[in-house]
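Inspection log for the structure reproduced underneath, given as structure tokens.
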Amino acid sequence: MDKFVIYGGKPLSGRIAISGAKNASLALMPATLLAQGVFHLHNTPNLRDVWTLSRMLGEMGVHCELNGQDLFMDTSTLTSFEAPYEHVKKMRASFHVLGPLVARYGQAKVSLPGGCAWGPRPVDLHLKGLEKLGAEITLEAGYVVAKAPSNNGNGARLRGAKVHFDISSVGATENIMSAAALAKGTTLITNAALEPEVTAQARMLVKMGAKIEGIGTSTLEIEGVDELKAVTEETIPDRIEAGTFLIAAAMTRGKITLEKTNPYHLSAVIAKLEEAGCEIDVTGEEITIAMNDAPKPVDMTTAVYPGFPTDLQAQWMAFMLCANGTSKITDTIYTDRFKHVPELLRLGADVEMLDNTAIINGGKQLSGATVMSTDLRASASLILAALVAEDRSEILRVYHLDRGYEAIEKRLQALGANIRRERTAEF
Ligand code: UD1
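In our numbering, the protein residues as written are 2 to 428.
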């Protein structure tokens, strides 16, 4: 198992290009199951979650090949409609194959994902939505078994329906929108998630021949078609990776430029960074950030897009540890997502929890320690804190980071950070 060794105190400087968005890839890849042929997904991030999904799809008979940032997927060889527990437990987004499989092949058997590191993450909205589209759903030994209704003797096919989500859900919107693309008739999704990754999936579906109105809004109208075709698509930039690097630069009082971003997707984050005193310049696809002083304490509440993303909550907490004063962070999306707090305390942070609100008493010099990654974004906050901590820190179990950040240590090294990866016998 790998660990990172970090010596804090170096301001970041330089330029880096942002990778394709992990969560967009995890939306585009399952949607390829809706058509037969060879897909080419440019700008795919070369990271563990993509490999996990490629491996699972590979076992289902889909030929996946990742050359650098180019992912080729041949779906014409699919032989199995089952997503086994061993893959879904590693990565919940594997559950996103459910909608496309039942829409295209009339059947699917997909493991329930179970909980995750920071608490329960239900899939009820996915299941209710598919039932609305006529799927017959049963739960068998930890698996969701879904079957499309028979279509007047013409095989099995989902049918269009009105689907309202009580909660705005990225994954449920993606699962139901993709299933509806091949359903018979029209589907109206209300309170659809607005996240850029949902829009990215919708755009690819349209390229494939789907008829979708209202893309980028909370009401999606999808007129099902009989067939979709394989396409070439470019993956959007990763707004969470970009946000993490912006916060890293601000915390270390450095100056960096991010290339290949979509600044519009980061509006809420940029606004908060400016409130904290960062100087930000946006030019086309580039964002330059400079910070000379300690940040001002800035309260933050996570919200669905276009609000501040929950996936940057832990990193924002690390940032606020550097502020001279007290700030509050509330997570409204995942109220238990605070596994990073006890680890940050080991680095000398002063954070108190009150339900889903963290009170951060910033301004205390952090000191190096050995800490443990618990989940992807929590781990990112530990790296950020270690970059400003005195002396040496070790971050154990960095496989969590490898799920969502491509070679983060190399990219931070390129910006001047003192970080290296080492093998460890720790389990
Ligand atoms: C996606 C992202 C994840 C991000 C999250 C919120 C991917 C692969 N992952 O996760 O990085 O943190 O959006 O922006 O894109 N909910 C239900 N029932 C459901 C589904 C969701 O109650 O059936 C709740 C969740 O518990 C949560 C909220 O809805 O409180 C939003 O979750 P959702 O948008 O579905 O997150 P994911 O799609 O799993």
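For glycine and all other residues, C-beta sits at the position ideal for the given N, C-alpha and C. Please read all numbers here as calculations on a predicted model, not as lab measurements.
Hey, how far is the Cα of residue i from the Cα of residue j?
i                : j                 : result
valine 207       : phenylalanine 166 : 22 Å
glutamate 276    : arginine 404      : 31 Å
isoleucine 241   : lysine 110        : 31 Å
proline 343      : alanine 162       : 46 Å
lysine 91        : threonine 53      : 8 Å
arginine 254     : valine 283        : 18 Å
glutamate 234    : threonine 327     : 45 Å
valine 124       : leucine 388       : 37 Å
phenylalanine 40 : glutamine 202     : 14 Å
methionine 209   : lysine 185        : 17 Å
valine 270       : glutamate 141     : 42 Å
leucine 126      : serine 170        : 8 Å
valine 51        : tyrosine 144      : 22 Å
threonine 33     : glycine 225       : 16 Å
valine 89        : isoleucine 360    : 34 Å
aspartate 227    : alanine 147       : 20 Å
glycine 215      : methionine 318    : 35 Å
asparagine 263   : threonine 236     : 12 Å
asparagine 1     : serine 26         : Look at the range of the chain in this structure, 2 to 428, and you will see that residue 1 is not part of it.
serine 368       : asparagine 362    : 16 Å
arginine 204     : methionine 178    : 11 Å
alanine 291      : threonine 245     : 14 Å
phenylalanine 96 : arginine 422      : 31 Å
isoleucine 7     : threonine 425     : 15 Å
histidine 401    : leucine 383       : 12 Å
Hey, would you say the C-beta of residue i is under 7 Å away from at least one heavy atom of the ligand UD1?
i              : result
leucine 388    : no
valine 111     : no
leucine 102    : no
alanine 173    : yes
glutamate 198  : yes
asparagine 24  : yes
leucine 27     : yes
arginine 93    : yes
valine 124     : yes
alanine 194    : yes
histidine 64   : no
threonine 311  : yes
tyrosine 144   : no
serine 170     : yes
histidine 127  : yes
isoleucine 190 : no
tyrosine 335   : yes
Counting only the same chain and skipping the five closest in sequence on each side, list residues whose C-beta sits under 6 Å from that of residue i.
i              : result
lysine 261     : Ala18, Ile19, Pro238, Glu286
leucine 72     : Leu42, Thr45
asparagine 325 : Ala295, Gly364
glycine 417    : Lys11, Leu13, Ser14
arginine 49    : Asp403, Arg404
alanine 28     : Glu175, Glu198, Gln202
glutamate 66   : Phe73
methionine 30  : Leu54
Who are the near neighbours of residue i in its chain, counting only those whose CB is closer than 7 Å to its CB and skipping five residues on each side?
i                : result
serine 268       : Pro307
phenylalanine 82 : Leu102, Tyr106, Gln108, Ala109, Lys110
glutamine 414    : Ile420
threonine 311    : Thr303, Asp332, Ile334, Tyr335, Arg338
alanine 180      : Gly100, Pro101, Val103, Ala104, Leu131, Leu134, Leu159
alanine 173      : Leu126, His127, Gly130, Phe166
arginine 412     : Ile17
methionine 373   : Glu344, Leu397, Arg398
Beta-carbon within less than 8 Å of residue i's beta-carbon, same chain only, minus the 5 sequence neighbours each way: which residues are those?
i             : result
threonine 78  : Gly62, Val63, His64
proline 150   : Gly135, Ala136, Glu137, Ala157, Arg158, Leu159, Arg160
glutamate 16  : Reading off the sequence, residue 16 comes out as arginine, not glutamate. Answer for arginine 16: Ile257, Thr258, Leu259, Glu260, listed in chain order.
leucine 195   : Ser169, Gly217, Thr218, Ser219, Val305, Tyr306, Pro307
aspartate 356 : Thr336
glycine 59    : Cys65
threonine 187 : Gly161, Glu222, Ile223, Glu224, Gly225
Tell me, please, whether the CB atom of residue i is closer than 8 Å to any CB atom in chain D?
i           : result
alanine 426 : No chain D appears in this structure, which consists of one protein chain only.
Using DSSP bridges, identify the partner residues of residue i.
i             : result
glycine 59    : Paired residue(s): none; glycine 59 is not in a bridge.
lysine 261    : In the DSSP output, where bridge partners are listed per residue, lysine 261 has none listed.
proline 238   : Gly21
arginine 422  : Phe5
cysteine 65   : Met74
alanine 291   : Lys256, Glu280
glutamate 395 : Val6, Thr371
valine 164    : Ile190
Would you say the beta carbon of residue i comes nearer than 7 Å to a heavy atom of the ligand COA?
i            : result
tyrosine 400 : With respect to the ligand COA, the structure offers nothing, as its ligand set consists of the ligand UD1.
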